[in-house]
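Undergrad: Same order as they appear, the protein sequences are chains D and U.
Last residue of the first sequence: 311 (our numbering), numbering continuous.
Last residue of the second sequence: 311 (our numbering), numbering continuous.
I'd like to ask some things about the structure below.
Number of protein chains: 2
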Amino acid sequence: MTIRDVEKTKEKILDGLGALLAEEGFGALGVNAVARRAGVDKVLIYRYFGGMQKLLRTYAIGGDFWPSISQQAGAALSELAGMSLRDLSVRLLKGHMRELLKRPRTQEIMRWELLKRNELSDELARAREQQGLEIMQLLGSLDDVPPGVDLAAVAALVHAGLSYLVLRAHTADDYIGVGLNTTKGRRRIENAVETIIDAVLRCHSDEKENRK
Amino acid sequence: MTIRDVEKTKEKILDGLGALLAEEGFGALGVNAVARRAGVDKVLIYRYFGGMQKLLRTYAIGGDFWPSISQQAGAALSELAGMSLRDLSVRLLKGHMRELLKRPRTQEIMRWELLKRNELSDELARAREQQGLEIMQLLGSLDDVPPGVDLAAVAALVHAGLSYLVLRAHTADDYIGVGLNTTKGRRRIENAVETIIDAVLRCHSDEKENRK
DNA sequence: TTGACATGTCACTGGTTGGTGACTTATGTT
DNA sequence: AACATAAGTCACCAACCAGTGACATGTCAA
Numbered sequence: 100m101t102i103r104d105v106e107k108t109k110e111k112i113l114d115g116l117g118a119l120l121a122e123e124g125f126g127a128l129g130v131n132a133v134a135r136r137a138g139v140d141k142v143l144i145y146r147y148f149g150g151m152q153k154l155l156r157t158y159a160i161g162g163d164f165w166p167s168i169s170q171q172a173g174a175a176l177s178e179l180a181g182m183s184l185r186d187l188s189v190r191l192l193k194g195h196m197r198e199l200l201k202r203p204r205t206q207e208i209m210r211w212e213l214l215k216r217n218e219l220s221d222e223l224a225r226a227r228e229q230q231g232l233e234i235m236q237l238l239g240s241l242d243d244v245p246p247g248v249d250l251a252a253v254a255a256l257v258h259a260g261l262s263y264l265v266l267r268a269h270t271a272d273d274y275i276g277v278g279l280n281t282t283k284g285r286r287r288i289e290n291a292v293e294t295i296i297d298a299v300l301r302c303h304s305d306e307k308e309n310r311k
Numbered sequence: 100m101t102i103r104d105v106e107k108t109k110e111k112i113l114d115g116l117g118a119l120l121a122e123e124g125f126g127a128l129g130v131n132a133v134a135r136r137a138g139v140d141k142v143l144i145y146r147y148f149g150g151m152q153k154l155l156r157t158y159a160i161g162g163d164f165w166p167s168i169s170q171q172a173g174a175a176l177s178e179l180a181g182m183s184l185r186d187l188s189v190r191l192l193k194g195h196m197r198e199l200l201k202r203p204r205t206q207e208i209m210r211w212e213l214l215k216r217n218e219l220s221d222e223l224a225r226a227r228e229q230q231g232l233e234i235m236q237l238l239g240s241l242d243d244v245p246p247g248v249d250l251a252a253v254a255a256l257v258h259a260g261l262s263y264l265v266l267r268a269h270t271a272d273d274y275i276g277v278g279l280n281t282t283k284g285r286r287r288i289e290n291a292v293e294t295i296i297d298a299v300l301r302c303h304s305d306e307k308e309n310r311k
């Protein structure tokens, strides 16, 4: 009765998984649920993907979930070369938040990544880690990195903070008095990023002697 | 045959839930699993707690999950009064990470909080938010907050970053090249906190004019 | 001691899960 | 036209799930 088109069916399955993930979260995931949502017999999931695990892998690896460096920066890679370390850092961090806000499915995958360690989570982490390192390489190549500042650690901390605040916005409205779901709150967060980057990149003297 | 002690049984159930949560994560949660783990008939969960939902609420609200302010600061409240804004901020943030690292069940609750919004997640968020505001009040009362710096937003960002890195350590080993499960990596993160706080609290001048 | 009730055990339901084998039917090749 | 194979449907399995009713038994008050 139905048209027989493998690619189309595969697509339906992946779309169904994505929709289910975005709307219900991964708590609702399962072969039956995905098949039902995709309007497809679940046996096809086994035949085409080899089971739920591999389907998830195909989905998470293949999709357009992870914004590229230029997407995060909001500019072509060629333009980035001329920027100052400060501008580049701020652009990338702000862009990270902005892009992540636009991608509910990516958020869902990130939430899912926090749960349980397995081969897939490791694979996702590896891919993401590589991009992070590329970005740090880009930043580190600039010559005005202040001495005594562990830029990677600072960037990791701020980057992680932005990620968490975006993920947290899904289930909470405020974080230490900062609104997570208002434009005002988001601007406060963006300004905090600027404040931190500006301060760290400028005030680097007497960092060492002060610590001990 | 068995001793009949309601309180003991309730405790067994809550302990079972906690152990299950810490070891398997909330993916494995359920009336049957908890009852099995606690060595108790599941019907008692319904009788004593009114179902899984309310059991979870009792668990999450009642337990010693959220470190107090003095726990985070690693000092009595009375001692905190004399500290500088810089020292207090650093102590609280570092303490937050340290305490969170020691509490796998709290981590699990936090992961769970990210998933789905409901009455319980709202209640947890409210309680946590209140403590966060208390801390900010404590910090804000000090008179050396630099003008033009949104301390709450900066604190929220760093606090969120530490939280995310701790949660992430469960399923990944690195974050932008920073080790999450090594003492060296944790020290880098702690130093980054210091770097940021130091820089933000000291370099506040010409913040405004520079932005535009 | 008797009776009432709280405490805990057991068995069962209806529904869902992941997974598999058998089946029908369309498609494309010879 | 005959055929092999791929595409999709269907029925079924054992295991698990949440939830409930019936029952046995310990505890305590009258």
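Virtual Cβ for every residue (Gly too), placed ideally from N, Cα, C.
(1) At 8 Å on the CB atoms, spell out the chain D contacts of Ser-220 (chain U), in chain order.
(2) In terms of residues, what are the limits of the alpha helix (DSSP H) holding Ser-188 (chain U)?
(3) Buried or exposed: Ser-183 (chain U), going by 16 or more other Cβ atoms within 10 Å of its Cβ?
(4) Residues in the same chain with beta-carbon distance under 7 Å from Arg-185 (chain U), minus the five sequence neighbours each way, listed in chain order, please.
(5) Measuring CB to CB, does Arg-136 (chain D) end up less than 8 Å from Leu-119 (chain D)?
(6) Under 8 Å Cβ to Cβ from Leu-219 (chain U), same chain only, skipping five residues before and after it: list those, please.
(7) Specify the secondary structure class of Val-248 (chain D) as computed by DSSP and reduced to three states.
(8) The segment 251-268 of chain D: which residues have C-beta closer than 8 Å to a C-beta of chain U, in chain order?
(9) Can you give me the C-alpha to C-alpha distance between Val-265 (chain D) and Leu-176 (chain U), rounded to a whole angstrom?
(10) If I measure Cβ to Cβ from Asn-131 (chain U) and keep anything under 8 Å in the same chain, skipping five residues before and after, which residues do I get?
(11) Along the chain, where does the alpha helix (DSSP H) containing Val-139 (chain U) start, and where does it finish?
(12) Please name the residue or residues paired with Gly-260 (chain U) in a DSSP beta bridge.
(13) Taking the alpha-carbon of Leu-279 (chain U) as reference, which of U:Leu-261, U:Glu-233, U:Ser-167 and U:Ala-251 has the nearest alpha-carbon?
(14) What does the Cβ neighbour count give for Pro-166 (chain U), buried or exposed, with the cut at 16 atoms within 10 Å?
(15) Between the C-alpha atoms of Ile-234 (chain U) and Tyr-274 (chain D), what's the straight-line distance to the nearest angstrom?
(16) Quick check on Ile-102 (chain D) - is its C-beta less than 8 Å from some C-beta in chain U?
(17) Measure the C-alpha to C-alpha separation of Ser-188 (chain U) and Thr-108 (chain U) and round it to an integer number of angstroms.
(18) How many Å lie between Glu-110 (chain D) and His-269 (chain D) at the Cα?
(19) Tell me which residues share the same chain as Arg-202 (chain U) and place their Cβ nearer than 8 Å to its Cβ, disregarding the 5 neighbours each side in the sequence.
(20) What residue does the alpha helix (DSSP H) around Pro-42 (chain D) start on, and which one ends it?
(21) Across the segment 194-214 of chain D and the segment 236-246 of chain U, are there enough close Cβ pairs to call them in contact, namely three or more that are closer than 8 Å?
(22) Strictly by DSSP, which residues pair up with Val-277 (chain U)?
(23) Going along chain U, which residues have a C-beta under 9 Å from Glu-106 (chain D)?
(24) List, in order along the chain, the chain D residues whose C-beta lies closer than 9 Å to that of Ile-295 (chain U)?
(25) Along the alpha helix (DSSP H) that carries Asn-290 (chain U), what are the first and last residues, could you check?
(26) For Leu-143 (chain U), I'd like the list of residues in its chain whose CB is within less than 8 Å of its CB, leaving aside the five on either flank, ordered along the chain.
(27) When DSSP labels each residue in this structure, what does Phe-125 (chain D) get in the three-state scheme?
(28) Pull up the CB-CB distance for Gly-276 (chain D) and Gly-231 (chain U), whole angstroms please, since I reckon it's below 8 Å.
TA: From the atom records:
(1) Residue mapping note: residue 220 (chain U) aligns to position 121 of the second sequence, counting from 1. Here the neighbours are Thr-270 and Ala-271.
(2) Here residue 188 (chain U) refers to the residue found at position 89 when the second sequence is read from its first residue. First-last of the alpha helix (DSSP H) with Ser-188 (chain U): 184-200.
(3) On the second sequence, position 84 is the one that residue 183 (chain U) refers to. Exposed, by the Cβ-count rule.
(4) Counted from its first residue, the second sequence places residue 185 (chain U) at position 86. Excluding sequence neighbours, Arg-185 (chain U) sits near Ile-296, Asp-297 and Leu-300.
(5) If you number the first sequence from 1, residue 136 (chain D) lands on position 37. If you number the first sequence from 1, residue 119 (chain D) lands on position 20. With respect to Leu-119 (chain D), Arg-136 (chain D) sits close: the two C-beta atoms are nearer than 8 Å.
(6) Within the second sequence, numbered from 1, the residue matching residue 219 (chain U) stands at position 120. Cβ neighbours of Leu-219 (chain U) beyond the five flanking positions: Gln-152, Leu-155, Arg-156 and Ala-159.
(7) Within the first sequence, residue 248 (chain D) is the residue found at index 149, counting from 1. Val-248 (chain D) falls in the coil class under three-state DSSP.
(8) Taking 8 Å as the Cβ-Cβ cut-off, the segment 251-268 of chain D approaches chain U at Ala-251, Ala-252, Val-253, Ala-254, Ala-255, Leu-256, Val-257, His-258, Ala-259, Gly-260, Leu-261, Ser-262, Tyr-263, Leu-264, Leu-266 and Arg-267, given in chain order.
(9) Reading the first sequence from its first residue, position 166 is the one you call residue 265 (chain D). Reading the second sequence from its first residue, position 77 is the one you call residue 176 (chain U). When only Cα atoms are considered, Val-265 (chain D) and Leu-176 (chain U) end up about 32 Å apart.
(10) As a first step, residue 131 (chain U) must be located in the second sequence, where it is residue number 32. Around Asn-131 (chain U): Lys-141.
(11) Start at 1 with the first residue of the second sequence, and residue 139 (chain U) comes out as number 40. Here Val-139 (chain U) belongs to no alpha helix (DSSP H), and DSSP marks it neither H nor E.
(12) Here residue 260 (chain U) corresponds to residue number 161 of the second sequence, with the count starting at 1. Note: Gly-260 (chain U) sits in no beta bridge, so no partner.
(13) Within the second sequence, residue 279 (chain U) is the residue found at index 180, counting from 1. Residue U:Leu-261 is the option with its Cα nearest to Leu-279 (chain U).
(14) In the second sequence, residue 166 (chain U) corresponds to position 67, counting from 1. Label assigned to Pro-166 (chain U): buried.
(15) Numbered from its first residue, the second sequence carries residue 234 (chain U) at position 135. Numbered from its first residue, the first sequence carries residue 274 (chain D) at position 175. One C-alpha to the other measures close to 12 Å.
(16) In the first sequence, residue 102 (chain D) corresponds to position 3, counting from 1. Taking Cβ atoms only, chain U never reaches closer than 8 Å to Ile-102 (chain D), which makes this a no.
(17) Residue numbering aside, residue 188 (chain U) sits at position 89 when the second sequence is read from its first letter. Residue numbering aside, residue 108 (chain U) sits at position 9 when the second sequence is read from its first letter. In a straight line, the C-alpha of Ser-188 (chain U) is about 42 Å away from that of Thr-108 (chain U).
(18) The residue you call residue 110 (chain D) lines up with position 11 of the first sequence. The residue you call residue 269 (chain D) lines up with position 170 of the first sequence. The alpha-carbon atoms of Glu-110 (chain D) and His-269 (chain D) are separated by roughly 28 Å.
(19) The residue labelled residue 202 (chain U) in the question sits at position 103 within the second sequence. Around Arg-202 (chain U): Phe-164 and Pro-166.
(20) Lying before the first or after the last residue shown, residue 42 (chain D) is absent from chain D, which here runs from 100 to 311.
(21) no
(22) The residue you call residue 277 (chain U) lines up with position 178 of the second sequence. DSSP, once it has assigned bridges, lists U:Tyr-274 as partnering Val-277 (chain U).
(23) Taking the first residue of the first sequence as position 1, residue 106 (chain D) is located at position 7. Result: empty, since nearest Cβ-Cβ is about 32 Å, beyond 9 Å.
(24) Counting from one through the second sequence, the residue named residue 295 (chain U) turns up at place 196. Correct list: Val-253, Leu-256, Val-257, Ile-295, Ala-298 and Val-299.
(25) Counting from one through the second sequence, the residue named residue 290 (chain U) turns up at place 191. The continuous alpha helix (DSSP H) containing Asn-290 (chain U) extends over residues 282-301.
(26) Here residue 143 (chain U) refers to the residue found at position 44 of the second sequence. In its chain, beyond the 5 residues on either side, Thr-108, Ile-112 and Ala-134 have a beta carbon closer than 8 Å to the beta carbon of Leu-143 (chain U).
(27) Counting from one through the first sequence, the residue named residue 125 (chain D) turns up at place 26. The answer is helix: DSSP assigns Phe-125 (chain D) an H, G or I state.
(28) Mapped onto the first sequence, residue 276 (chain D) falls at position 177. Mapped onto the second sequence, residue 231 (chain U) falls at position 132. That belief holds up - the Cβ atoms of Gly-276 (chain D) and Gly-231 (chain U) are roughly 7 Å apart, short of 8 Å.
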